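S.K.:
2 protein chains.
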Amino acid sequence: MPTDEHCLRPPVLRAGDTVMLVSPSGPTRPERVARGIELLTGWGLRPVLAPNAYARQGYLAGGDELRAADLNTAFADPEVRGVICTRGGYGAQRVVDLIDMAAVRRDPKVVAGFSDITALQFALWRGARLAGVHGPGAAWLDDRTPLRSAESLHAALMTTGPVTVEAVREEETYPVRVPGRAEGRLLGGNLCLITASIGTPDMPDLTGAVLLIEEVQEPPYKVDRMLTHLRRCGALAGVAGVAVGQFTECADGWDTTIVDVLAERLGDLGVPVLGGLPIGHGVGQLTVPVGTPAVLDATAGTLTTSPAVR
Amino acid sequence: MPTDEHCLRPPVLRAGDTVMLVSPSGPTRPERVARGIELLTGWGLRPVLAPNAYARQGYLAGGDELRAADLNTAFADPEVRGVICTRGGYGAQRVVDLIDMAAVRRDPKVVAGFSDITALQFALWRGARLAGVHGPGAAWLDDRTPLRSAESLHAALMTTGPVTVEAVREEETYPVRVPGRAEGRLLGGNLCLITASIGTPDMPDLTGAVLLIEEVQEPPYKVDRMLTHLRRCGALAGVAGVAVGQFTECADGWDTTIVDVLAERLGDLGVPVLGGLPIGHGVGQLTVPVGTPAVLDATAGTLTTSPAVR
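Residue numbers (my numbering), protein chains in the order written: chain W, 3 to 312; chain Y, 3 to 312.
#1: Output needed for G139 of chain Y: all residues of its chain with C-beta closer than 6 angstroms, excluding positions within five of it in sequence on either side, in chain order.
#2: Between the beta-carbon of V82 of chain Y and the beta-carbon of M160 of chain Y, is there less than 8 angstroms?
#3: In three-state DSSP terms, what is R16 of chain Y?
#4: Could you say which of Y:P29, Y:P181, Y:R179 and Y:L214 lies nearest to L195 of chain Y if we only look at CA atoms?
#5: To the nearest whole angstrom, what separates the beta carbons of Q54 of chain Y and G64 of chain Y, a pair I think is in contact under 8 angstroms?
#6: Out of Y:G38, Y:D19 and Y:A300, state which residue places its alpha-carbon closest to the alpha-carbon of L143 of chain Y.
#7: Does any CB atom of chain W fall closer than 8 angstroms to the CB of P222 of chain Y?
#8: Which of the three DSSP states, helix, strand or coil, is assigned to P309 of chain W?
#9: At the 8 angstroms Cβ level, is T202 of chain Y part of the contact set with chain C, yes or no?
#10: Less than 7 angstroms between C-beta atoms, sequence neighbours within five positions excluded: which residues of the same chain meet that for I260 of chain W?
#11: Quick one, which residues of the stretch 229-240 of chain W are near chain Y if we go by CB-CB under 7 angstroms, in chain order?
#12: Kindly give me the distance between the Cβ atoms of R312 of chain W and V14 of chain W, rounded to whole angstroms, as I take these residues to be in contact under 8 angstroms.
#13: Could you pull the start and end residues of the alpha helix (DSSP H) that A76 of chain W belongs to?
#14: Verify the CB distance criterion: does G60 of chain W have a CB-CB separation below 8 angstroms to chain Y?
#15: Please say whether V246 of chain W and G286 of chain W have beta carbons closer to each other than 8 angstroms?
#16: So with Cβ pairs under 8 angstroms, would you call T258 of chain Y a contact of chain W?
#17: Please name the residues in the stretch 70-100 of chain Y whose beta-carbon is closer than 7 angstroms to at least one beta-carbon of chain W, in chain order.
#18: Would you decide whether H8 of chain W is buried or exposed? Buried here means 16 or more other CB atoms lie within 10 Å of its CB.
#19: State buried or exposed for G293 of chain Y, treating a residue as buried only when at least 16 other CB atoms are found within 10 Å of its CB.
#20: Need the endpoints of the alpha helix (DSSP H) that F124 of chain Y sits in, please.
#21: Nearest CA to the CA of L51 of chain W: which residue from W:V85, W:W45 and W:G18?
#22: Straight-line CA distance for T202 of chain Y to C235 of chain W?
#23: Please state the DSSP three-state secondary structure of M22 of chain W.
#24: Across which residues does DSSP place I215 of chain Y in a beta bridge pair?
#25: Determine the contact status of V165 of chain Y and A152 of chain Y, defining contact as a CB-CB distance below 8 angstroms.
#26: Please compile the residues from chain W whose C-beta is within a distance smaller than 8 angstroms of the C-beta of R227 of chain Y.
#27: Which residue wins for smallest C-alpha separation from V290 of chain Y, given the options Y:R11, Y:G137, Y:F77 and Y:R187?
#28: What residues match up with V50 of chain Y in a beta bridge as DSSP calls it?
#29: Look at the Cβ atom of L229 of chain W, then the Cβ atom of L268 of chain W, and state whether they are nearer than 8 angstroms.
#30: Could you pull out every residue in the same chain whose Cβ sits closer than 6 angstroms to the Cβ of Q219 of chain W, ignoring the five residues on either side in sequence?
#31: Does the beta-carbon distance from R187 of chain Y to V167 of chain Y come in below 8 angstroms?
#32: How big is the Cα-Cα spacing for L47 of chain Y and V113 of chain Y?
#33: Am I right that A310 of chain Y and V135 of chain Y are in contact with their C-beta atoms under 8 angstroms? What's the rounded C-beta distance?
#34: Hey, V141 of chain W and D118 of chain W: beta-carbon distance below 8 angstroms or not?
#35: Among the candidates W:D109, W:R146, W:P295 and W:R96, whose CA atom is the shortest distance from the CA of A125 of chain W?
#36: Is the beta carbon of V180 of chain Y closer than 8 angstroms to that of V275 of chain Y?
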C-alpha cells in the first residue's frame with residue numbers, strides 16, 4: 003500500500019465508544035433504524051440519537067438549522083467518537099456550509115454513510131481533509147445489507163487494516179473493465195452528488211485519485227449526462243483510475259445497458275477501470291474508506307484501500 | 003427595451019427560406035415531425051431534413067459524429083437560413099465541442115429548440131454569442147403545442163418585434179413571485195441542462211442576466227438540488243432576476259409542492275422572480291428569444307425580450 007498522511011484519520015472506534023446517529027439528509031423513523039442500533043450495540047458501541055434525528059420537513063429530516071445543529075453537536079461533543087448517518091436521500095448540500103470545521107479538525111471523528119452523504123464527506127474533505135467511511139447508514143435493512151455488509155462496516159469502523167473489495171460477476175457492472183493497476187487516493191461516492199459538487203468549493207481535485215462512483219435509479223442517459231459533465235468540466239482529465247460500484251435499478255426498461263454507458267464514457271480515459279464492485283445501493287453493499295490511498299488493480303479485480311481510521 | 007448589441011442576431015426568417023431540421027439529441031421518427039413540417043411549410047418556409055435527422059442509436063439520434071456532422075452541415079450550407087431542432091431528450095452536450103464555431107459566426111442562423119437544446123444554445127452563446135430561440139421543436143404535437151404555441155414560434159422566427167410573455171394563473175408556478183422589475187439578458191432554459199453546464203466553458207456568466215428556468219419530470223428534491231447547486235457554485239450571486247417557466251410533472255405524488263421549492267430557493271436572492279410563465283414542457287408552451295436583452299416585470303407579471311433575429 004502507498005502511504006500518504008495528507009489526510010486526517012480519526013481514531014478507530016472501540017467497544018464502549020459512543021456514536022451519534024445523525025440525519026443530515028432525508029427523514030427516517032425509529033423502526034427503520036432499530037436494526038442499525040441493534041448492530042452497533044452488538045459491536046459494543048453505544049449509539050445515541052442526535053436531538054433531531056427523527057425530525058421531518060417534507061423530504062428533509064427537519065429544517066437546515068436543525069440538521070446542521072445535529073452535525074455540529076456530534077462534532078463538538080467529546081463523548082461522541084463516531085458519526086453514523088441514518089440515511090441519505092437529499093439535503094446534505096443545504097447544510098454543509100454551516101459545519102464548524104474547526105471543531106472537526108480539533109477532534110476528528112469517523113463519519114459513516116453514503117449516497118447523499120457523499121456531499122457531507124466531500125465537505126469534510128474540503129474543510130478538514132477528513133477521511134471517511136463509505137458504507138450503509140443506520141437505517142439498516144438486513145435484506146439489502148446482510149451479514150457480510152455488517153461485517154464490512156464493522157471492519158472499516160473498528161479495525162485498522164486495509165480494506166479489500168473484490169469485483170464479483172454477480173454485479174451488473176462487472177463487464178466494465180479496463181485492465182491495469184492504479185494507485186491514488188480513493189475519492190467519490192454517489193455520481194449525482196459528485197456532479198452536483200462541480201463548480202463548488204467541495205468538488206475535490208481528482209488529479210491522481212481513484213474515483214469511486216455508484217448510482218441508483220438514474221436512467222442510462224442521465225448516467226451518460228453525469229459522466230459527460232465530469233468529462234467536460236475537466237474533472238476526469240487527471241484521474242488515476244475509476245472504481246465502479248453498483249448502478250442499481252438504472253437500466254430497467256432501457257435498450258441501452260448501464261454497462262454500455264459506463265464502458266463508453268470511461269473506456270477511453272486511458273486509465274484502469276474496474277466495474278463489479280459491490281459498493282452502492284445494491285444488495286450486499288460493502289464498505290470502503292474514502293480519502294485514503296488505494297490501489298485499484300483492474301487486472302486482478304480488486305480495490306484495496308488504506309483504513310479511514312487509525 | 004434596453005438595447006444591447008453584444009450578441010449576434012441572425013437574420014429573420016422570410017417566406018421562401020430553407021430551414022434544416024436537425025436532431026442533436028434524442029431520436030425521432032418521420033410521423034412525429036410531420037405536423038412540424040406542415041406548420042413550417044404553411045409559414046412559407048422550406049423545411050429540409052438533415053442527413054441523419056432520423057438516425058437512431060439507443061437514446062441518441064445516431065452517433066456523436068453523425069449528430070455533429072448534421073449541425074455543421076446546417077451551419078455551413080449557405081442555402082440553410084435556420085436550424086430547427088426536432089426535439090430534445092439527451093445528447094447535445096456530447097457534440098457541442100465538435101461544432102465549427104467559425105462557420106456559425108461567419109453566417110449566423112437562428113437555432114430553435116428547448117429542453118436538451120439548452121446545451122446547444124449555451125455552446126452557441128459561448129462560441130459565437132449567438133442569440134437563440136427557446137421554443138418547441140419540429141416534433142410537434144398539437145395537443146401540447148396548440149395554435150397559440152405555433153403563433154408564438156412563428157413570431158419569434160419570422161418577425162422582429164419584442165416578445166412579451168405574461169404570467170398566467172393556470173400555470174402551476176404562478177404563485178412563485180418576488181415583485182420588482184429587472185433588466186438583463188435572458189439566459190437559460192432547462193434547469194437540468196443549466197446545472198449540467200456548471201464548471202464547463204459553456205456555463206454563461208449570469209451576472210446581470212435574467213435567468214430562465216423550466217423543468218419536466220424532476221421531483222421536488224431534485225429541483226432543490228439543482229437550485230442549491232446553482233446557489234453554491236455562485237451562479238446566482240449576480241443574477242438580475244429569475245423567470246420561472248413550467249415545471250411539468252415535477253411534484254406529482256410529493257408532499258412538497260414545486261412552488262414551495264422554487265419560492266424557498268429563489269425567494270431570498272433579493273431580485274425579482276416571476277413564476278407562471280407558459281414556457282417549457284407544459285401545454286401551450288410559448289417561445290422566447292434567449293441571449294437578448296429582456297425586461298422582467300414581476301410586478302406587472304410580464305417578461306419582454308428583444309428579438310433573437312434582426
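Here a beta-carbon is modelled for each residue, glycine too, at the ideal position from N, C-alpha and C. These numbers come from a predicted model, not from an experiment.
M.R.: According to the structure shown:
#1: C87, T88, R89 and G115
#2: no
#3: coil
#4: Y:L214
#5: As written in the sequence, residue 54 of chain Y is Asn, which differs from the Gln given in the question. Indeed they touch by this definition, with Cβ atoms about 5 angstroms apart.
#6: Y:G38
#7: yes
#8: coil
#9: Absent from the structure: chain C. Protein chains present are W and Y.
#10: E174, T175, P222, V225, F249, C252 and A253
#11: T230, H231, R234 and C235
#12: 7 angstroms
#13: D66 to A78
#14: yes
#15: no
#16: yes
#17: Y92, Q95 and R96
#18: exposed
#19: buried
#20: I119 to A130
#21: W:V85
#22: 4 angstroms
#23: strand
#24: Y:G191 and Y:V246
#25: no
#26: Y92, Q95, C194 and A198
#27: Y:G137
#28: Y:M22
#29: yes
#30: E251
#31: no
#32: 14 angstroms
#33: 5 angstroms
#34: In the sequence as displayed, the identity of residue 141 of chain W is Ala instead of Val. It is not a contact, given that the beta carbons lie outside the stated cut-off.
#35: W:R96
#36: yes
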